[in-house]
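To keep things clear, I will list the structure first and then write my remarks on it.
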Amino acid sequence: MNSQLPIGVFDSGIGGLTIVKALNALLPNESILYFGDTAHLPYGDKSPELLQGYADTITHFLLETGVKAIVIACNTASAVALNTVKNIARDIPVFDVIQPAVKNALLISPMKRIGVIGTRTTIQSHVYLKSLLDLAPDALVIEKATPLLVPMIEEGWNHHQISIEIIEAYMSDTGFNHIDSVILGCTHYPLIRSEIQNYFDKTNTRKVEVIDSSLAIASEVQKQLTVLNLLNRNSDSVNHKFFVSDLTPGFKDTAKMFLGREVFLNKHN
Ligand code: DGL
54 MNSQLPIGVF DSGIGGLTIV KALNALLPNE SILYFGDTAH LPYGDKSPEL LQGYADTITH
114 FLLETGVKAI VIACNTASAV ALNTVKNIAR DIPVFDVIQP AVKNALLISP MKRIGVIGTR
174 TTIQSHVYLK SLLDLAPDAL VIEKATPLLV PMIEEGWNHH QISIEIIEAY MSDTGFNHID
234 SVILGCTHYP LIRSEIQNYF DKTNTRKVEV IDSSLAIASE VQKQLTVLNL LNRNSDSVNH
294 KFFVSDLTPG FKDTAKMFLG REVFLNKHN
C-alpha cells in the first residue's frame, strides 16, 4: 500500500474537523481526504439503518478516491455503522472514535465510574456502555444524551452564558455526582471541553477527567499506522482535500470554527 495516500476521514458534517485538527497536530506529514455529509446531518437523531446506508456510500467514495485508512470521525456513525464500513473497506484499516476514548477512560479513572455524553442515537446504541463493560466488567457507566449541545455549538454559543446554563442543566444529573471521568462522545464537544471541565471543577469535590475523543483517536491512528508501516515519511507530499455533500456559506464559517483555519470545501454528492 502507498503510504503517501491520504487518511480518509468522514463525519455527518463539519464537526469531524475536530478530529482532523488533532490528526494534523500529531501527524503533520499525513494528508487528509475529508467527507462531511452535510446534506444528511444531523446523524444524531437518525436510525441505524439509514446511517448504515450513508456510511456505505461514503466509504465507496473514499476508497474510489484513494485512501490508506479510514477514520469514522462521527461518534454516531461509529456507534451504528462500524461493521458496514469494515465490510466494504476489507484490508484497509478502519478506526472508530469509540474504542480509543474507552481505553483512555479506563486508564485514567481510578474508581472506574465513567460518564458518557453524546447524541441520542449514540447513547441509545449503548456502544460506550458495552465497550467499557467488555474491558472492565466492574465499571459503573452513566450515559446521558445531550442533544442540545450540537446546535448550541454550531450556533457559536460556546463560551456564552447560554452554554454555561445548558451544560449545568445536563451535567447536574445526579448520576454524575460520583464519576471520576466523563467521555465527550461527540465530534462537537471538544469545543466546550473547558466549560465542562470548569463545571466539574466547581461542583465536584473529586477531580473529574474530561476525555476528548479527538485526541484519543489521533494517537490510536498514529500507533496503528506505525505498526502497519503506513506513516508518510515525505512531508512534501501533504495535500488535504475537503468534500461536503451540500455546501452553504454557513458551512464555511463553521468549518473555520472547528479547524481553526480557513478551509476550501468542495461539493460532492
Ligand atoms: N457527528 C455527530 C457525532 O459525533 C454529531 C452531529 C450530528 O448529530 O450529526 O455524534
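Residues 54 to 322 (our numbering) are what the sequence shown spells out, left to right. Glycine included, each C-beta is placed from N, C-alpha and C at the ideal position.
Given residue i, which residues of its chain have a CB within under 8 Å of its CB, disregarding the five upstream and five downstream residues?
{"i": "L115", "result": "G61, F63, L86, F88, I123"}
Cutting at 6 Å between CB atoms, please list the residues of its own chain near residue i, excluding the five before and the five after it.
{"i": "H241", "result": "G68, V203, I206"}
{"i": "T71", "result": "T240, P243, S267, F311"}
{"i": "L135", "result": "D149"}
{"i": "S131", "result": "I125, D149, V150, I151"}
{"i": "D265", "result": "L237, P243, R246"}
In the DSSP assignment, find the alpha helix (DSSP H) that holds residue i and state where it starts and stops.
{"i": "K99", "result": "Segment: none, K99 is in no alpha helix (DSSP H) and carries neither H nor E."}
{"i": "K197", "result": "From DSSP, K197 is part of no alpha helix (DSSP H) but of the beta strand (DSSP E) over 193–198."}
{"i": "F311", "result": "302–312"}
{"i": "K121", "result": "Segment: none, K121 is in no alpha helix (DSSP H) and carries neither H nor E."}
{"i": "I220", "result": "214–224"}
{"i": "L281", "result": "L281 -> no alpha helix (DSSP H), and no H or E assigned at all."}
{"i": "I245", "result": "Looking at the DSSP string, I245 is not in any alpha helix (DSSP H), and its letter there is neither H nor E."}
{"i": "D187", "result": "180–188"}
{"i": "N77", "result": "70–79"}
Drop a sphere of 10 angstroms on the beta-carbon of residue i, count the other beta-carbons inside from all chains shown, and report buried for 16 or more, exposed for fewer.
{"i": "A222", "result": "exposed"}
{"i": "P385", "result": "For residue 385 there is no data in the structure shown, the boundaries of the chain being 54 and 322."}
{"i": "E196", "result": "buried"}
{"i": "E102", "result": "exposed"}
{"i": "T112", "result": "buried"}
{"i": "D98", "result": "exposed"}
{"i": "I335", "result": "What is shown of the chain runs 54 to 322, which leaves residue 335 out entirely."}
{"i": "P146", "result": "buried"}
{"i": "E269", "result": "It is worth fixing the name first, because residue 269 is Ala in this sequence and not Glu. A269 is buried by the Cβ-count criterion."}
What does DSSP give as the partner residues of residue i in its beta bridges?
{"i": "R143", "result": "The partner list for R143 (beta bridge, DSSP) is empty, contrary to what the question assumes."}
{"i": "R166", "result": "L193"}
{"i": "F148", "result": "V124"}
{"i": "D64", "result": "G89"}
{"i": "G171", "result": "A198, G238"}
{"i": "L318", "result": "F295"}
Please list the terminal residues of the continuous beta strand (DSSP E) segment that includes residue i.
{"i": "K294", "result": "294–297"}
{"i": "F88", "result": "85–89"}
{"i": "N322", "result": "Run containing N322: none; DSSP gives neither H nor E here."}
{"i": "V337", "result": "Coverage of the chain is limited to positions 54 through 322, which leaves residue 337 absent and any answer about it impossible."}
{"i": "S234", "result": "234–238"}
With respect to 6 Å, is the separation between the Cβ of residue i and the closest non-hydrogen atom of ligand 1 below this value?
{"i": "D64", "result": "yes"}
{"i": "N211", "result": "no"}
{"i": "G68", "result": "yes"}
{"i": "P95", "result": "yes"}
{"i": "N128", "result": "yes"}
{"i": "V297", "result": "no"}
{"i": "T172", "result": "yes"}
{"i": "T240", "result": "yes"}
{"i": "V124", "result": "no"}
{"i": "V194", "result": "no"}
{"i": "V316", "result": "no"}
{"i": "V203", "result": "yes"}
Using a Cβ-Cβ cut-off of 7 Å (strictly less than) and excluding sequence neighbours within five positions of residue i, which residues of its own chain qualify?
{"i": "N273", "result": "According to the sequence provided, residue 273 is Glu. The question's Asn does not apply to it. So the list reads F148, P153, once near-sequence residues are dropped."}
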